[in-house]
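The numbering of the sequence shown is full-length UniProt numbering, which starts it at 1 and goes up by one. Here a beta-carbon is modelled for each residue, glycine too, at the ideal position from N, C-alpha and C. Down below is the structure, laid out as structure tokens.
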Amino acid sequence: MSNGATGPTGTTGATGATGATGTTGAKGSTGAIGATGPTGTTGATGATGATGTTGAKGSTGAIGATGPTGTTGATGATGATGTTGAKGSTGAIGATGPTGATGTAGVAGATGATGVTGSTGATGSTGATGTAGVAGATGATGVTGSTGATGPTGATGTAGVAGATGATGGTGSTGATGTAGVAGATGATGVTGSTGATGASANTTPTSINRIYVSNANSNTVSVINGFTNSVITSIPVGTQPAGVAVNSITNRIYVANTISSTVSVIDGVTNTVIATINVGTLPIYLAVNTNTNRIYVVASAANVVYVINGNTNLVVNLIPVGDNPIGIAINPITNHIYVANQIGNTLTIIDSVTETVISTTSGFFTPRGVAVNRNTNAIYVANSANGTVTVVNGINFSIVAAPGVGTIPETVDTNPITNAIYVTNRGGNNITVIEGVTVVTSTTVANFPAGVAVNPLTNAIYVANGSNNTVSVINGITNTLLLNIGVGLSPFGVAVNP
């Protein structure tokens, strides 16, 4: 029979008490489904009876619709790391990026401890004999003795056979001068002979006048600049890592300190060739010449001594102990005093060049390096690389007069004997400072890492060696402006002028 229509749901009745579960009877045949009566109200939930035995499993009903996704559970603990896989092949090298801009030069580090003095090298061959010295003045003529009386002339005998010539006797005293005879008639003029060939013209101008000499530390050469044209005319091979340069304008000799080879090269200013090489102490840096005595003084910075060279023989003739790590040196030829700056000792050693002994030591410096003397005022100028000042010392009592501030890391100093101007190179500031007396008047920018400086009194030009860009700057001494930069060798360091 068909199912009737479902009536409205009634209110749920209270749940009755659950009865005891009876034994499950045998399953009867399913009767026809009667009409569904109205649902009673749900009664109160009775106590749960004992669980009956599970009936036979019915057929699986249709899968219901999927319910909404539950909230995500807490993340589980991380599992153990798996074994590393095999290394993949290296990828292709990427293109090189553009080079970054060069940073500014860092402050120079403190000077390292002096290394152990190396063994003395073999003595070099004797150099060529120097030019002859100036002849001494002729002594005064002695008084002429009185003239003896002339004896009578004997009669002339017949000429005998000529005997052997006897030894020449001493010259007799001069007799009285006789009365002058009557002048004879002038004879006829002889025929003029043919004119001889004209000889070669003599060179009346020294080839070394107005020359500037620049040491190139990494080229092991010295560049020679013509001071009239400011152009390089030649390059001279010298020792290893040349540094300081000095000139004797009287003998026309140029002296170069070779730092690594511990030698001094002697150059002939006429031929621009090395004529001698002199062995000195370890790490020679700067040197100076006393033109009055033709002696050369070389600072051996690792040996703490000054080597004395005789310019006539090119031989070392003396050693003078000085302070700790000497660097700069200068001479006042008027007072015959030599000044040596001791970089680690922070002192200035004063030497008497006549006796070649130390006569005084002055302290109060700050890593001193370059030294120069103004012979007109007898003032000494010392560059203090550690605090950017130049100490001015009185050349009479060796007391400190002033210490004007200059640039960063001052290196070397030179003076102009005509204008009394003092020029200081500042390695860290890429400029030079100009001082008059004890007053700084101006500064001029040059190229990178200026080291040596020298004044040309003939042209009033100042030459500055720029170590980082292989040039020499030329400055006008009147306007203190940069005129030009001259290309030289690698890492120029020392400069000297032969006016």
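(Q) If the criterion is Cβ atoms closer than 9 Å, does the pair Pro499 and Asn210 meet it? (A) In contact: Pro499 and Asn210 (Cβ atoms closer than 9 Å).
Q: Could you check which residue in Ala447, Ser360 and Thr415 has the C-alpha nearest to that of Arg427?
A: Closest by alpha carbon: Ala447.
Q.
Please state whether the Cβ-Cβ distance between Val305 and Gly328 is less than 9 Å.
A. no
(Q) Just to check my reading of the structure: Asn374 and Ile344 have Cβ atoms closer than 8 Å, yes? What is that Cβ distance to the nearest angstrom? (A) Not really, about 26 Å apart at Cβ, beyond 8 Å.
Q: Starting from Asn378, follow its DSSP beta bridges and name the residues at the other end.
A: Paired residue(s): none; Asn378 is not in a bridge.
Q: If I'm right that Ala496 touches Ala246 with Cβ under 8 Å, what's the distance once you round it to whole angstroms?
A: 6 Å
(Q) What does DSSP give as the partner residue(s) for Ser353 in the beta ladder? (A) DSSP, once it has assigned bridges, lists no residue as partnering Ser353.
**Q.** Gly494 versus Thr415: straight-line alpha-carbon distance, rounded
**A.** 15 Å
Q: Could you check how far apart the C-beta atoms of Ile285 and Ala217 are, in whole angstroms? I think they sit under 8 Å.
A: That belief does not hold up - the Cβ atoms of Ile285 and Ala217 are roughly 11 Å apart, past 8 Å.
Q.
For residue 540 and Asn258, what's the separation of their Cα atoms in angstroms?
A. The displayed coordinates of the chain run from 1 to 499. Any statement about residue 540 would go beyond what the structure contains.
Q. Would the beta-carbon of Thr444 fall within 9 Å of that of Ile435?
A. no
**Q.** C-alpha gap between Thr389 and Gly407, whole angstroms
**A.** 7 Å
Q) So, helix, strand or coil for Leu483, using DSSP? A) strand
Q: Report all residues from its chain with a CB closer than 6 Å to the CB of Asn480; omit the five preceding and five following residues, and keep chain order.
A: Val434, Thr442 and Thr444
**Q.** Pick from Ala302, Thr335, Val354 and Thr313 that is closest to Gly323, judged by C-alpha positions
**A.** Ranking Ala302, Thr335, Val354 and Thr313 by CA distance to the CA of Gly323 puts Ala302 first.
Q: Excluding the 5 residues preceding and the 5 following Phe449 in the sequence, name in chain order all residues of the same chain whose CB lies nearer than 6 Å to its CB.
A: Result list for Phe449: Arg427, Gly467 and Ser468, in chain order.
Q: Using three-state DSSP, classify Val238 as helix, strand or coil.
A: DSSP places Val238 in coil when its eight states are reduced to three.
Q) What are the boundary residues of the beta strand (DSSP E) that Asn319 is part of? A) The sequence as given places Leu at residue 319; Asn does not occur at that position. Leu319 -> beta strand (DSSP E) spans Leu315 to Pro321.
Q) Opposite Tyr339 in the DSSP bridges: which residues? A) Ala330 and Ile350
Q: Evaluate Pro237 with the Cβ neighbour count: other Cβ atoms within 10 Å of its Cβ, from every protein chain shown; 16 or more gives buried, anything less gives exposed.
A: The residue is exposed, with fewer than 16 neighbouring Cβ atoms inside 10 Å.
Q) Do Val413 and Ile422 have their C-beta atoms within less than 9 Å of each other? A) yes
Q: Identify every residue that forms a DSSP beta bridge with Gly405.
A: Thr389
Q | Reference Thr240; option with closest CA among Thr347, Phe365, Leu283 and Ile409 | A | Checking every option, the nearest Cα to that of Thr240 belongs to Leu283.
Q: Determine the burial state of Leu490: buried for a count of at least 16 other Cβ atoms within 10 Å of its Cβ, exposed for fewer.
A: exposed
Q: Count the other CB atoms, across all protein chains shown, that sit within 10 Å of the CB of Ser262; report buried if there are 16 or more and exposed otherwise.
A: buried
Q) Count the other CB atoms within 10 Å of the CB of Val270; is the residue buried (16 or more) or exposed (fewer)? A) exposed
Q: Tell me whether the beta-carbon of Tyr381 lies closer than 9 Å to the beta-carbon of Val316.
A: no
Q: Return the Cβ separation of Leu348 and Pro321 in integer angstroms, given the expectation that the two are a contact with Cβ distance under 8 Å.
A: About 15 Å separates the beta carbons of Leu348 and Pro321, which is beyond the 8 Å limit, so they are not a contact pair.
Q) Quick one: what's got a C-beta closer than 8 Å to Ala403's C-beta in the same chain, skipping five residues either side? A) Beyond the five residues adjoining it in sequence on each side, Ala403 comes within less than 8 Å, by CB distance, of Asn384, Thr389, Val390, Thr391 and Val392 in the same chain, given in chain order.
Q) According to the Cβ coordinates, are Ala454 and Asn476 closer than 9 Å? A) no
**Q.** Nearest-angstrom Cα separation, counted from Val232 out to Val222
**A.** 10 Å
Q. So, helix, strand or coil for Thr439, using DSSP?
A. strand
Q.
Using CA atoms only, rank isn't needed, just tell me which of Glu356, Val354, Ser363 and Asn272 is closest to Asn346.
A. Ser363
Q: Consult DSSP for Thr459 and reduce its assignment to one of helix, strand or coil.
A: coil
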